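Engineer: Before we start, here is the structure in question, set down as structure tokens.
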Amino acid sequence: MINATKIVWEQLKYFPLIIRMVRYGDQSTYQNFFLGQAWKIINPILQVSVYFVIFGLGLRNAKDGGNPWNYAAWMMLGMGIWRFMNEAILGGSQSIKKQIGLVSKMKFPLSVLPSISIASAIWTFLALFGVATLFMLFGGIGISSKWPWIFYYFLAAVCLSYSFSLLNSSIIILIPDYISILRLIMSMGMWLAGVIFQIDTLNNIVGSILRLSPFYYVVYGMRDAWIASDSLFEAGFETGTILFWSITMLFLLFGSYLHLKFKKNFMEYM
């Protein structure tokens, strides 16, 4: 617990530095593009639009009929928070391995690097969140009265992303092949979290297992708070909350232990 407290304190202490590093990184990445940093918003919208065309206007709409804008809002919101976590976890997990040389020059804690990756991914969520809200208006869906809860679920997404990234960042340095396993897990995560298809329709053991996932908790919680109440999600909210924060805390405790135990020797494993 002491290790975890130390890691969390470092994030708070160096928060201004994290913001500066995000700005510097974005400027460096997009400096040679004509539209510049606008691509941070355009790129995720274009990518996710493909899923909407296929599943919203194509397969799903042809099968079920109905208003495609309602499905688009539902999918875009789930895709927004999922892509944020996906980018944050994959980027944060590799951040120490890729940027350990930068730390030796600037003298700040290695534990800050995953936070920089997470902060950089926020634009993806904001872009898709905005598009989802527009689709809600086009579909005649009003914003839920529980909308303040989106801040809670976004905080939950940040905590899960950081704790999982911190754990992964140490494992990747110690076991380089682990990154391939992590990419496979995250590529499956979008489907297992019910981003495109409703898990609520699975009234069997598979659906019950998938609803225990921390990714399901964040994705469906965000939808429940912003679009419309989900009775099945709300029925398991207390159990899901206990399970989610238990998993997140476990990642943080184990990740903090590995990070502080091996950080002085990370260069030897590179």
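Take 1144 as the starting number for the sequence shown in the working numbering and just add one per residue.
Glycine residues also receive a C-beta, built at the ideal position from the N, C-alpha and C atoms.
The structure presented is a predicted model; accordingly, all values stated were derived computationally and were not measured.
1) Just mark F1158 as buried or exposed, buried being the case when its beta carbon has 16 or more other beta carbons within 10 Å.
2) Among V1349, T1276, S1330, I1385, which has the Cα closest to the Cα of M1218?
3) Please classify T1344: is it buried, with 16 or more other beta-carbons within 10 angstroms of its beta-carbon, or exposed?
4) Counting C-beta neighbours from all protein chains within 10 Å, is the total for V1165 16 or more, i.e. buried, or is it exposed?
5) Would you call P1291 buried or exposed, if buried means 16 or more other Cβ atoms sit within 10 Å of its Cβ?
6) Please classify Y1157: does DSSP put it in a helix, a strand, or coil?
7) How about L1310 and G1398: are their beta carbons less than 9 Å apart?
8) Quick one: measure Cβ to Cβ for P1257 and S1312, integer angstroms, because I've assumed they're closer than 8 Å.
9) Using 8 Å as the cut-off, can you tell me whether the stretch 1270–1290 makes contact with the stretch 1331–1348, which would need three or more C-beta pairs spanning the two stretches below that distance?
10) Return helix, strand or coil for S1372, following the three-state DSSP convention.
11) Measure from the alpha carbon of M1228 to the alpha carbon of each residue in I1261, K1250, V1255, then state which is nearest.
12) Using the C-alpha atoms, what's the distance from E1381 back to F1297?
13) If you draw a straight line from the alpha carbon of S1238 to that of W1369, how long is it in whole angstroms?
14) What does the alpha-carbon distance come out to for the pair K1250 and K1241?
15) Considering only the beta carbon of each residue, do L1335 and F1358 sit closer than 9 Å?
16) List in chain order: all unbroken alpha helix (DSSP H) runs of 4+ residues lying wholly within the stretch 1209–1296.
17) Which residues bound the alpha helix (DSSP H) around L1384?
18) Do you know how far the Cα of W1266 is from the Cα of E1230?
19) On the criterion of 16 or more Cβ atoms from any shown chain inside 10 Å, does M1365 qualify as buried, or is it exposed?
20) Have a look at W1225 and F1294 and give me their C-alpha separation to the nearest angstrom.
21) According to DSSP, is F1177 helix, strand or coil?
22) Flag this pair as yes or no: are the beta carbons of G1221 and G1332 separated by less than 9 Å?
23) Is it buried or exposed for G1383, if we count other Cβ within 10 angstroms and need 16 for buried?
24) What would DSSP say about S1356, mapped onto helix, strand or coil?
25) Between the C-alpha atoms of K1407 and Y1400, what's the straight-line distance to the nearest angstrom?
26) Do the CB positions of L1393 and K1149 come within less than 9 Å of each other?
Structural biologist: This is what the structure holds:
1) exposed
2) T1276
3) exposed
4) buried
5) exposed
6) coil
7) yes
8) 6 Å
9) no
10) coil
11) I1261
12) 18 Å
13) 32 Å
14) 16 Å
15) yes
16) 1211–1249, 1255–1263, 1265–1281
17) Checking the displayed sequence, the identity of residue 1384 turns out to be Thr instead of Leu. Residues 1380–1405.
18) 11 Å
19) buried
20) 15 Å
21) Note on F1177: pLDDT 49, under 50, position unreliable in the model; the coordinate value appears next. If DSSP states are grouped into helix, strand and coil, F1177 belongs with coil.
22) no
23) buried
24) coil
25) 13 Å
26) no
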